[in-house]
Ligand SMILES: [Zn+2]
């Protein structure tokens, strides 16, 4: 087994709000990965005395600990318990009902000798490659299915669709959001490689259209996660007339994990 991981902050001097970890138990054939993309609050207004990196470190740490120590619990329950545990550490100090309370997208994968469990919440990407080379993307596509105009501004999105019925969901302070995650199980024999990316890295396919998900996995295989991120940075720098970037940040925090099982 071989796992590679790379990350790059979107802006120099600003904290990287992505968070990732991989787990390889010392015995057996188990393992796992956790990837979070912390949501940056507009104008820093989030009702929290802490920070997005503070939140992702606690949520990510709980996800890693519980997915290893509680193999009896499905990933949804591990996410719910990790959200609860993280919320408990600041509910007495901070306004956790704030629509922008610290929150993150989530990808989790956990495997043993027999099968692979996965969980995806919001717009980070999970890819599975079969032994024959077929690539399957697991996506929570709620952001792509929103009513027209609901992302026209941060204010409209917060009021109408952020963590609201019919909108899209992130891991914030409400454990019930775990029920919204896309989850599944795949026989271990049917998977040769797994990749997870935050949207800052998946731009290579989703924004710049440089190739489909199979091509993206091909870049990860040949050049590694850092190679994919370097390619994204080059595309962003070259898009001076914003043909592809349009209103998006020029560079977003970008993280990719590639695991060959
Ligand atoms: Zn707080």
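In the working numbering, the protein residues as written are 967 to 1227. The beta carbon of each residue, even a glycine, is placed where N, CA and C say it ideally should be.
Inset, instruction - Check whether the segment 1049-1069 touches the segment 1097-1117, counting contact only when three or more Cβ pairs, one atom from each stretch, lie closer than 8 Å. - result: At 8 Å Cβ cutoff, the stretches do not touch.
Inset, instruction - Count the CB pairs spanning the segment 969-988 and the segment 1188-1196 that are closer than 8 Å, and state whether there are at least three. - result: With a cut-off of 8 Å, the segment 1188-1196 and the segment 969-988 count as touching, because enough Cβ pairs lie within range.
Inset, instruction - Pull up the DSSP beta-bridge partners for residue 1072, would you. - result: 1002 and 1087
Inset, instruction - Buried or exposed for residue 1033, please, with buried defined as at least 16 other CB atoms from any protein chain shown within 10 angstroms of its CB. - result: buried
Inset, instruction - Given a cut-off of 7 Å, decide if residue 984 and residue 1012 are closer than it, judged by their beta-carbon atoms. - result: no
Inset, instruction - Rounded to whole angstroms, what's the CA-CA distance from residue 1129 to residue 1164? Just pull it up for me. - result: 19 Å
Inset, instruction - Determine the DSSP secondary structure at residue 1216, reduced to helix, strand or coil. - result: coil
Inset, instruction - Return the CA-CA distance between residue 1060 and residue 1157, expressed in angstroms with no decimal places. - result: Separation of residue 1060 and residue 1157 (C-alpha to C-alpha, rounded to the nearest whole angstrom) is 42 Å.
Inset, instruction - Whole angstroms is fine: what's the gap from residue 1217's alpha carbon to residue 1108's? - result: 23 Å
Legend entry - Residues near residue 1152 by beta carbon distance below 6 Å, same chain, minus five either side: 1082
Inset, instruction - Quick one: give me the first and last residue of the beta strand (DSSP E) that residue 1102 is part of. - result: 1101-1104
Inset, instruction - Using three-state DSSP, classify residue 1185 as helix, strand or coil. - result: helix
Inset, instruction - Quick one: residues in its chain with C-beta nearer than 7 Å to the C-beta of residue 1167, no 5 flanking neighbours on either side, listed in chain order? - result: For residue 1167, the CB contacts under 7 Å within the same chain, skipping 5 residues up- and downstream, are 1194, 1195, 1198, 1220, 1221 and 1222 in chain order.
Legend entry - Sufficient close CB pairs (3 or more, under 8 Å) joining the segment 1181-1193 to the segment 1203-1216: no
Legend entry - Nonlocal neighbours in the same chain, by C-beta distance under 7 Å from residue 1171, ignoring five residues either side: 1177, 1178, 1179 and 1182
Inset, instruction - Please go through the same chain and pick out, in chain order, the residues whose beta-carbon is closer than 6 Å to the beta-carbon of residue 1226, but skip the five residues on each side of it. - result: 968 and 1159
Legend entry - Counted within 10 angstroms of its Cβ, other Cβ atoms place residue 1048 as buried (16 or more) or exposed: Its Cβ being crowded by 16 or more others within 10 Å, residue 1048 is buried.
Inset, instruction - With DSSP collapsed to three states, give me the class of residue 1202. - result: helix
Legend entry - the segment 1084-1091 touching the segment 1112-1123, judged by at least three CB pairs closer than 8 Å: no
Inset, instruction - Tell me, to the nearest whole angstrom, how far the beta carbon of residue 990 is from that of residue 1162; I am working on the premise that it is less than 8 Å. - result: Incorrect: roughly 15 Å between the Cβ atoms, too far for contact.
Legend entry - Reduced DSSP secondary structure (H/G/I, E/B, other) of residue 1011: coil
Inset, instruction - Consider the C-beta atom of residue 1015 and the heavy atoms of ligand 1; say whether any pair is separated by less than 6 Å. - result: yes
Inset, instruction - Note the first and the last residue of the continuous alpha helix (DSSP H) segment covering residue 1120. - result: 1120-1126
Inset, instruction - Might you give, ordered along the chain, the residues of its own chain that have their beta carbon closer than 6 Å to the beta carbon of residue 1073, omitting 5 neighbours on each side? - result: 1001, 1086, 1090, 1092 and 1162.
Inset, instruction - Taking only the alpha-carbon atoms, compute the straight-line gap between residue 1110 and residue 1148 and give it to the nearest angstrom. - result: 15 Å
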